[in-house]
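Structure, as structure tokens:
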Amino acid sequence: MAYWLMKTEPDLFSIQDLLSQKVSPWDGVRNYQARNFMNDMALGDRVFIYHSSCKDVGIAGIGEVVKTAYPDHSQFDPQSPYFDPKASPDKPRWTRVDLGFVEAWPAVLSLARLKADPALAEMALVQKGSRLSVMPVSSGQWQHILGLKP
DNA sequence: GCCAACGTTGGC
DNA sequence: GCCAACGTTGGC
């Protein structure tokens with residue numbers, strides 16, 4: 001089983017929303033590298049849910065892949081902010097996955113804490129200027145993160 | 001709200 | 001294929 005990390009703005013969708021809704025709408029990803037990682041996800045893979053652009057930035061809990069990559073419908077919808085005129089149903093460009101809820105942590109594992117940890121230095125998350133919103137987490141890294149869980 | 005850093009676009 | 005300009009991300 002692989003581990004991943006996905007960013008979300010909690011004002012739009014948080015770990016608490018995942019808890020109450022049970023399944024997430026993970027659409028609107030418009031970055032090729034992030035998309036390719038989503039395409040690599042397998043059923044049951046675990047996903048660290050990271051809260052970005054908010055007061056308490058960091059890992060807030062865990063989800064799991066309950067539906068693997070399929071076309072993100074918003075790319076075909078002219079009304080959607082995620083509309084992509086270069087995409088069509090027979091040639092979809094963007095994908096999404098569905099996540100289920102696994103656990104919400106009692107506190108966020110802060111970005112400052114993650115940055116301070118030499119064991120996690122290789123993660124794109126802690127690298128200066130990185131904006132990647134979906135990334136793999138190696139087994140050494142995820143075991144280490146679970147050890148830091150608040 | 002600021003702004004550094006990034007990925008994408010499009011003219012040439 | 002280069003690269004300047006642009007819009008966006010995301011920490012602070």
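At position 33 of the first sequence (counting the first as 1) the number is 33 in the UniProt record's numbering, and the numbers step up by one without a gap.
Positions of the beta carbon are idealized from the N, C-alpha and C atoms, including for glycine.
query	result
If I measure Cβ to Cβ from residue 152 and keep anything under 6 Å in the same chain, skipping five residues before and after, which residues do I get?	Residue numbering for the chain in the displayed model covers 1 to 150; residue 152 lies beyond these limits and cannot be assessed.
Mind checking D72: buried by the 16 CB within 10 Å criterion, or exposed?	buried
Which one of W4, Q16 and Q75 has the shortest CA to CA distance from W105?	Q16
With the cut-off set at 8 Å, would you say V65 and A34 are in Cβ contact?	no
Evaluate Y50 with the Cβ neighbour count: other Cβ atoms within 10 Å of its Cβ, from every protein chain shown; 16 or more gives buried, anything less gives exposed.	buried
Can you tell which of N39, K86, Q79 and Q127 has its C-alpha closest to the C-alpha of K67?	N39
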